[in-house]
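Have a look at the structure below, then the notes.
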Amino acid sequence: MIDPAAALVGLGLGFTHATEPDHVAAVTTLIRRETGAVQAARVAMFWGLGHAGSFLSVGLCIVVIGLRVPASFERAADILVASMLVALGVRHLSNGAALAHPHSANRRQPIAIGLLHGLAGSATVALLAATTIQSRLWASVYLALFGAGTMLGMAVLTFVLAWPITWAERNKGRVSRWVLRAPGLLSVGLGLVIGVEALVPGVV
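Quick note on this note's numbering: the sequence shown kicks off at 1 and runs consecutively.
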């Protein structure tokens, strides 16, 4: 595969990367206080911006200057992500009492969470690009498109997921309560799984 074509693949892979369960869990815990699907998608875009920022920072260092990232770095990143997921899930399950007004956290909080999320797995993707694409330029383009695809994929997915969450907020009932709890339970569960796997590889 020629380098430009390989680089374009990054856009599609980034789009699908956004659908990974830990990404979905983190973002869905952030959109409960949003008033509609468009606002929720905006939160997802800010998450994607943070994700792309840290992802590109690490990835370009690997592709352009040949930085070698120790295994301990990715392990530490996984532990941080696991801790973040558990904290987000617990806060979500506590009915969002600690959440600020939706408009006050729509930028900084999702960006910060995305920055942390982007560190996990960034070295693996960058190494794959560096070994598959001969040109450093096109490998860098691949990483940039991967980041853009992740932003777009998360925005589209969150736009869709916001509808049942908004419905559940407006219709108080048993089904609604479980719909609202699901993101928190998923976030805590995935956080525990990722944390255990990072601390004791091969257990999960």
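Just so it is clear, CB atoms sit at the ideal spot from N, CA and C, and this is done for glycine as well.
- Exclusion of the five residues before and after Gly-36 leaves Ala-162 and Thr-166 as the residues of its chain whose Cβ lies within less than 8 Å of its Cβ.
- Between Leu-157 and Val-43, the C-beta spacing is not below 8 Å.
- The three-state reading of DSSP puts Gly-89 in helix, counting H, G and I together.
- Exposure of Gln-134 is indicated by the presence of fewer than 16 other C-beta atoms within 10 angstroms of its C-beta.
- Look at Glu-20 here: in three-state DSSP terms it is coil, with no helix or strand label.
- DSSP places Thr-29 in the coil class of the three-state scheme, outside both helix and strand.
- DSSP assignment within the segment 110–163 yields the following whole alpha helix (DSSP H) runs of 4 residues or more, N-terminal first: 122–132.
- Membership of Val-43 in the alpha helix (DSSP H) is indicated by the continuous run 37–65.
- Per the coordinates, the alpha-carbon of Gly-191 lies some 13 Å from the alpha-carbon of Glu-20.
- By the neighbour-count criterion, in which a residue is buried when 16 or more other Cβ atoms sit within 10 angstroms of its Cβ, Pro-70 is exposed.
- Taking one beta carbon from each stretch, the segment 183–198 and the segment 46–55 have fewer than 3 pairs nearer than 8 Å; the two do not touch.
- Thr-29 and His-117 do not touch by the CB rule: their CB atoms are close to 12 Å apart, not below 8 Å.
- Here Thr-150 is buried, its C-beta having at least 16 other C-beta atoms within 10 Å.
- With a threshold of 16 other beta carbon atoms within 10 Å, Ser-54 meets it and is buried.
- Assignment of Ser-94 by DSSP, reduced to helix, strand and coil, places it in the coil class.
- When secondary structure is reduced to three states using DSSP, Val-69 falls in the coil class, being assigned neither helix nor strand.
- The C-beta distance from Ala-129 to Val-58 rounds to 12 Å, too long to meet the 8 Å contact threshold.
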